[in-house]
Amino acid sequence: RVVVRDGAAQVDHLDRHLARFARSAAALELPAPDPVAWRALIGEALAAWTGSGEAVLKLVLTRGPEHSAAGTSALLTITGAADATAARRGVTGATLDRGYASDAFRDAPWLLGGVKSLSYAINVAAKREAVRRGVDEIVFTSSDGYLLEGPTTGLLVAADDQLWTTPLAGTGVLESVTIAVILDVARADGVTTREALFRADDLPGTDGAWLISAVRGVLPLVELDGVPLPHHPAVTARIATAAGFE
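Counting from 1, position 23 in the sequence shown corresponds to residue 18 in the working numbering; the numbering is continuous, with no gaps.
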C-alpha cells in the first residue's frame, strides 16, 4: 500500500514485501531480484506519483517471453486504490471449497504453495462468486473443511485472549505481510500468538475474525455463510493500529 505521510509517498512494510518477493522468485526458480535496483525503481515511481489517497504498488517479475532466451522481464505499477472505508467497518463472507486438503502442499514444492504469483484466475472467479452470492468476501476452505484464506486476504482469529492464524506448513496459504506485522506488535504487547486450523462453525464461539489485506487493511468478518460473528470495534481498532491502518 502506498500512502502519503508528511508530504511524501511511502510504501508500508516495504522490507517485508521485498523479502517475500525474493522468496517467491526463489520458489519459481527465477533469478533473485536485486533489492538495490528495485528500491531505486520504487523510489523513482513514488517521487513521480501525484495521485491522492491510498494507492497500490505492484512489482512483477517474469521469466520473459515464451520460447525466448532474452531473460527475465520486470515491471512496476502504481494505481489508485479503491475506497475501503466501508469494508473496514465490517464485511460479510461465504465459504468456497478450494479443492484440496489442508495438508496437500506438505512436501510438494511443485504445487507452489505460499508463492505470490500471477495465477489470479481462481481468485478473480471467487470474487465474482461473492457478488453472485450477495456477500462482500470469500473465504476459501480445504476439502477437509478448514478455513484457509481469502482470494486476496489472510485470516486472523481472536480466541482465548490469543491471536490465531492459519498454519503455513502444508496449507499452501500465502504468508501475509500485514498479519506478520500485527503478530509482531501483539507479541511485543504480551499477547500470545498461535497457528491453528478453524472450521466455519468454530467462529461464532471466538472473540472475532478478520480478513487482512495489505491494501484494504483490517476487515472485520461480521457474518459468514449467513451466521453472525462476534465483532468488537475496539479490538478491530487496536489490530488496525498495529497494522498501520490508523
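Quick reminder that beta carbons are idealized off the backbone N, C-alpha and C, glycines included.
Quick caveat, the model's predicted, so the values are computed rather than measured.
Item                                                                                                                                                  : Value
Tell me whether TYR115 is buried or exposed, calling it buried when 16 or more other Cβ atoms sit within 10 Å of its Cβ.                              : exposed
According to DSSP, is LEU243 part of a helix, a strand, or is it coil?                                                                                : Here the chain comprises residues numbered -4 to 241, so residue 243 is not present and cannot be evaluated.
Is it true that the CB of ALA209 sits closer than 8 Å to the CB of ASP7?                                                                              : yes
By DSSP's criteria, SER208 is part of a beta bridge. Which residues make up the other side?                                                           : GLY212
Assuming the contact rule is C-beta atoms closer than 8 Å, LYS111 and LEU169 should be a hit. Round their C-beta distance to whole Å, please.         : 6 Å
Can you give me the Cβ contacts of GLY85 inside the same chain, cut-off strictly under 7 Å, excluding the 5 residues immediately before and after it? : PRO215, VAL217 and HIS226
Please name the residue or residues paired with VAL4 in a DSSP beta bridge.                                                                           : Residue identity check: residue 4 is Ala in the sequence provided, not Val. VAL(-1).
Would you decide whether PRO60 is buried or exposed? Buried here means 16 or more other CB atoms lie within 10 Å of its CB.                           : exposed
Note down the Cα distance separating LEU36 from ASP155, rounded to an integer number of angstroms.                                                    : 45 Å
Determine the burial state of THR148: buried for a count of at least 16 other Cβ atoms within 10 Å of its Cβ, exposed for fewer.                      : buried
For a quick check, are the C-beta atoms of GLY140 and ARG189 less than 8 Å apart?                                                                     : no
Could you pull the DSSP bridge partners for TRP159 from this structure?                                                                               : VAL152 and ARG189
What is the DSSP secondary structure of SER137, reduced to helix, strand or coil?                                                                     : coil
Which one of PRO146, VAL213, LEU107 and ASP197 has the shortest CA to CA distance from VAL176?                                                        : VAL213
Can you name the residues that DSSP bridges to GLU132?                                                                                                : GLY88
CA-CA distance, GLU49 and HIS12?                                                                                                                      : 17 Å
Whole angstroms are fine: how far does the CA of ALA181 sit from the CA of ALA204?                                                                    : 15 Å
Can you tell me whether ALA235 is helix, strand or coil according to DSSP?                                                                            : helix
Taking 7 Å as the limit between beta carbons, can you name the residues of its chain near ASP98, skipping five residues before and five after?        : GLY165
If we call anything under 8 Å between Cβ atoms a contact, is ALA96 one with SER137?                                                                   : yes
Could you pull the start and end residues of the alpha helix (DSSP H) that THR173 belongs to?                                                         : 172 to 183
Quick check on DSSP: helix, strand or coil for GLU39?                                                                                                 : helix
Tell me which residue opens and which closes the beta strand (DSSP E) that ALA244 is part of.                                                         : Nothing can be reported for residue 244: it is not among the residues displayed for the chain, which extend from -4 to 241.
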